[in-house]
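Going by numbering that gives the first Met the number 0, the sequence shown opens with residue 0, and the numbers climb by one from there.
Every residue, glycine too, gets a C-beta built ideally from N, C-alpha and C.
Predicted, not measured: the structure shown is a model, and the values here were computed from it.
This report refers to the structure that appears directly beneath it.
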Amino acid sequence: MTAPLDVLVVGAGPTGLALATQLRVHATRFRILDRSLDRAHESRALAIQPRTLEALAGFGVTDELVDRGNPTMRLRMHLPRRVVQMPLFDIGLADTAYPFLLFLSQAETEDVLSEHVAAQGVVIERGTELVQLEPKGSYVSCRLRRRDGEEETVDARYVVGCDGAHSTVRTQAGIDFEGSAYPQVFLLADLEVDGLEPGSVHAYMTGTGILLFFPLGSPATWRMLAMRPPGTPDTEVKLGLLQEIVDAYTTDRLVLRDPAWMTDFRLHNRGATRYRSGPFFLAGDAAHIHSPVGAQGMNTGIQDALNLGWKLAVVCQGAAPEELLETYEAERAPVGRSVLRFTDRAFTIATSRNPALRLARTQLAPRLVPLALRATGMRGRLFRTVSELGIHYRHSPASSTGPRSSKRGPRAGDRLPDLPRGLQARIAGRGYHLLLSGPPDLWPDERLAPVLRGRADLVSVHRLNEESPWPDVAQGLVRPDGYLGYVAHGTHVEGLCVYLDRWLPTT
Ligand SMILES: Cc1cc2nc3c(=O)[nH]c(=O)nc-3n(C[C@H](O)[C@H](O)[C@H](O)COP(=O)(O)OP(=O)(O)OC[C@H]3O[C@@H](n4cnc5c(N)ncnc54)[C@H](O)[C@@H]3O)c2cc1C
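Here it is, written out as structure tokens:
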């Protein structure tokens, strides 16, 4: 009998591709399959957040994404008598190399990720569907079916459901998907628009709802998003209907033409009650679906994958205990819940017909939002939330603070900031990275010997001297996903050894 695979990745959308990218770097034995014969060619998710760009930079794909995309910096809110312009992401993001929202269609994002995994020698098994999972002690028996009807059974230690909203893995694992659908139907189109100022996001706000245009680039210059007006027949979306909606929302004489894609869809707000059940894990849309407000969906999925991939890899190598896998749900489920809450609130304000919310949308928001955004503290917090740079795992069992802790500089559970600029690129290699701040003579090799004994191939040491995010003598252990697992101040390394003995034991 052949030994079970380490991991079976089900689904090759953005989440599955990101997971495959990380598993490949760690030389994990895995297969990735998708029941569709080709990747998505529709634009779908159209924006990539700064944290996703940072997280993918270590694999060498971000430059290509940025080259293909459009880093838009402005939002123009069109009100009945004036236009309010505000920046997107201009402050509070000094500690990243990517302080912008990158507009790029999901088709392009998937293309870049697919080309990358293929170049690394990964074969995406397309036209192959997972049909059944059966746990058998230390492994899972997975039944696969190809388009020609041929079946195969493959054994795997772990199965990750990156298989979208209707996840087979979630169903077979018996995990509930709680939530509901919104009543509104949305219309979406990728097309050309005459009369729209290029290079900005445009929001037309009225008592009926919001009409949005996003700069897309490919397969068309603009993405239009609007609610289907109540009473219009539920038939195929036509350009004429979209033009009627635009004419009702604006006096700007915008002319729509050359649609590349038009569709309608209902939105849901649902979350999986567990992200893990035994050998089964859920990531991306399989774990959470919500409205596209704030462009969080695909980004959250990619970051789920990058949180999980290295953990599976080091556990399968025998370098870390099984317990590490429990931290996936502990870290990512709160992020998923907070995205569901945030997008639900924003969506309700943007679309409700409740008189108070309509007033808030058309009268108060246009006055208050620019004022609020002028308050730099609030603007910084808002941008850090939407950009996903503010995500932290401070409450994770895998985040520990050592002795003489200080609140100066990043804390255990925070992402490592790119401060000084270039620090993230410097530690992009695989494994853990130990950052030591303070004069290098404080960190002789003998002091570090107990830290590295038996795990020197998994922990790289960087003496940062003045080029450090901590203003004093400090130790920071960066995990393979760029988050700090351990932070301590001073030169005592006993706490660090305790942390490593738990999460990266040498036996
Ligand atoms: C019309 C539309 C518009 C959208 N607009 C936005 C937007 O503006 N912003 C945003 O952030 N998000 C948007 N989204 C959501 C975004 O597309 C998803 O969040 C994203 O695709 C999730 O990626 P994923 O990899 O988790 O899942 P998916 O992209 O759904 O990929 C899942 C993959 O699993 C495969 N699969 C499913 N079941 C099986 C099985 N049993 N065996 C093998 N393979 C299987 C599927 O074929 C699919 O390729 C939109 C979605 C739609 C449909």
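Which stretch, first to last residue, makes up the beta strand (DSSP E) that contains residue i?
i      : result
Trp260 : 254-271
Leu422 : No beta strand (DSSP E) contains Leu422, which is instead part of the alpha helix (DSSP H) from 422-425.
Glu191 : 176-193
Glu128 : 127-135
Ala487 : 483-488
Gln474 : 473-477
Below 8 Å on the Cβ atoms is my guess for residue i versus residue j; work out the distance and round it to an integer in Å.
i      : j      : result
Glu53  : Thr95  : 6 Å
Asp263 : Val236 : 5 Å
Arg142 : Val130 : 5 Å
Gly68  : Leu92  : The pair is not a contact, with the Cβ atoms about 17 Å apart (cut-off 8 Å).
Ser459 : Gly430 : 6 Å
Pro468 : Pro416 : 6 Å
Leu32  : Val9   : 6 Å
Ser35  : Leu215 : Rounded, the Cβ-Cβ distance is 22 Å, inconsistent with contact.
Leu253 : Leu195 : 6 Å
Ala46  : Ala294 : 4 Å
Leu4   : Val153 : 6 Å
Gly203 : Tyr248 : For the sequence presented, residue 203 should be read as Tyr rather than Gly. Indeed they touch by this definition, with Cβ atoms about 4 Å apart.
Arg393 : Gly412 : 3 Å
Gly453 : Thr505 : 3 Å
Thr400 : Ala319 : Thr400 to Ala319, Cβ: 20 Å. No contact.
Ala106 : Ala39  : 6 Å
Let me check one thing: in DSSP terms, what residues is residue i bridge-paired to?
i      : result
Phe212 : His201, Met223
Thr152 : Arg142
Leu32  : Val9, Glu124
Arg50  : In DSSP, Arg50 forms no bridge with anything.
Gly15  : Per DSSP, none; premise fails for Gly15.
Tyr157 : Val6
Thr400 : Val486
Arg462 : Leu435
Arg383 : In the DSSP output, where bridge partners are listed per residue, Arg383 has none listed.
Arg414 : Tyr482
Which stretch, first to last residue, makes up the alpha helix (DSSP H) that contains residue i?
i      : result
Leu240 : 238-248
Tyr498 : 493-502
Arg169 : 167-171
* Asked: Counting Cβ pairs, one atom from each stretch, are 3 or more of them under 8 Å apart for the stretch 298-306 and the stretch 36-54?
  -> yes
* Taking one C-beta from the stretch 463-483 and one from the stretch 377-388 each time, how about it: are there three or more such pairs within less than 8 Å? -> no
* What residue ranges within the stretch 54-137 form continuous beta strand (DSSP E) runs of no fewer than 3 residues, ordered along the chain? -> 69-71, 73-77, 82-86, 100-102, 123-125, 127-135
* **Inside the stretch 430-459 only - beta strand (DSSP E) runs reaching at least 3 residues** => 431-436
* To do: Would you mind listing the beta strand (DSSP E) stretches within the stretch 268-356 that are 3+ residues and don't spill past its ends, in chain order?
  => 279-281
* To do: Decide yes or no for the touch test of the stretch 55-67 against the stretch 312-330: beta carbon pairs closer than 8 Å, at least 3 of them.
  => no
* Given 8 Å as the limit, is there contact between the stretch 68-86 and the stretch 184-200, that is, 3 or more CB pairs closer than that? -> yes
* To do: Would you check if there are 3 or more beta carbon pairs closer than 8 Å linking the stretch 157-176 to the stretch 272-280?
  => yes
* Asked: Would you call the stretch 483-494 and the stretch 436-455 in contact, with 3 or more CB pairs under 8 Å?
  -> yes
* To do: Take every Cβ of the stretch 149-163, pair it with every Cβ of the stretch 238-251, and state whether three or more of those distances are shorter than 8 Å.
  => no
* Asked: Contact between the stretch 281-290 and the stretch 161-170: three or more CB pairs below 8 Å?
  -> yes
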